[in-house]
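Residue numbers (my numbering): 32 to 199.
Yeah, the Cβ is synthetic: ideal placement off N, Cα and C, and Gly gets one too.
Note that the structure is a prediction, hence the values are computed from the model and not measured.
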């Protein structure tokens with residue numbers, strides 16, 4: 032095998048407002064749980080819901096966005112990677128837990144009906160950039176990927192280009 036992949040994609044609802052703290056270095060860290068629910072019908076014909084809780088951790092710019100916009104109940108799309116953390120609790124017991132360290136987040140809305148603009152629109156936020164910087168890609172409508180009226184028509188779709196020119 033020529034490598035490995037550690038990637039997680041989740042869509043779920045926040046179980047509480049994000050807990051945001053700032054380190055001595057000034058770095059922001061946000062933590063919260065999201066619930067994902069899968070449904071199936073058992074052999075008796077009854078619908079069964081299976082809810083899983085996932086611990087999410089955001090850093091820097093994403094943490095600041097979470098602090099500003101995320102609230103309990105909001106639906107959010109998270110991309111990140113799995114981390115297994117080990118620590119010693121107050122009683123001296125060794126503990127292990129799984130955390131999703133997010134590198135991308137999209138606000139999908141929630142009970143209050145929206146992401147950062149409140150009107151049902153979400154926002155895409157990415158962690159990364161050059162030299163450890165963080166960038167927001169801004170707000171974008173969610174739901175479908177149809178071009179907005181203000182988007183220019185790609186040359187391949189302009190008049191005069193038809194499927195008869197395709198080699199297959």
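{"Check": "As an exercise, report each continuous beta strand (DSSP E) stretch of at least 3 residues that is fully enclosed by the segment 84-153, in chain order.", "Outcome": "106-119, 125-140"}
{"Check": "With distances taken from CA atoms, which of 54, 120, 111 is nearest residue 88?", "Outcome": "111"}
{"Check": "In its own chain, which residues sit with a C-beta less than 7 Å from the C-beta of residue 95, not counting the 5 before and 5 after it?", "Outcome": "59"}
{"Check": "Hey, quick one: how far does the beta strand (DSSP E) through residue 57 stretch, first residue to last?", "Outcome": "Run containing residue 57: none; DSSP gives neither H nor E here."}
{"Check": "For residue 83, which residues of its own chain have a beta-carbon under 6 Å away from its beta-carbon, when the five flanking residues on both sides are left out?", "Outcome": "67"}
{"Check": "My output table needs one value for residue 79: the three-state DSSP class, helix, strand or coil.", "Outcome": "strand"}
{"Check": "Could you check what DSSP says for residue 66 in three-state terms: helix, strand or coil?", "Outcome": "strand"}
{"Check": "Confirm, please, whether the CB-CB distance from residue 131 to residue 85 is below 8 Å.", "Outcome": "yes"}
{"Check": "Quick one, which of 97, 76, 64, 74 has its alpha-carbon nearest residue 51's?", "Outcome": "97"}
{"Check": "Within a Cβ cutoff of 6 Å, which residues of the same chain sit near residue 36, ignoring the five residues on either side of it in sequence?", "Outcome": "none"}
{"Check": "Report all residues from its chain with a CB closer than 8 Å to the CB of residue 182; omit the five preceding and five following residues, and keep chain order.", "Outcome": "In this prediction, residue 182 scores a pLDDT of 42, lower than 50, which makes its location untrustworthy; the coordinate-derived value is nonetheless stated afterwards. For residue 182, where only same-chain residues beyond five positions count, there are no Cβ hits under 8 Å."}
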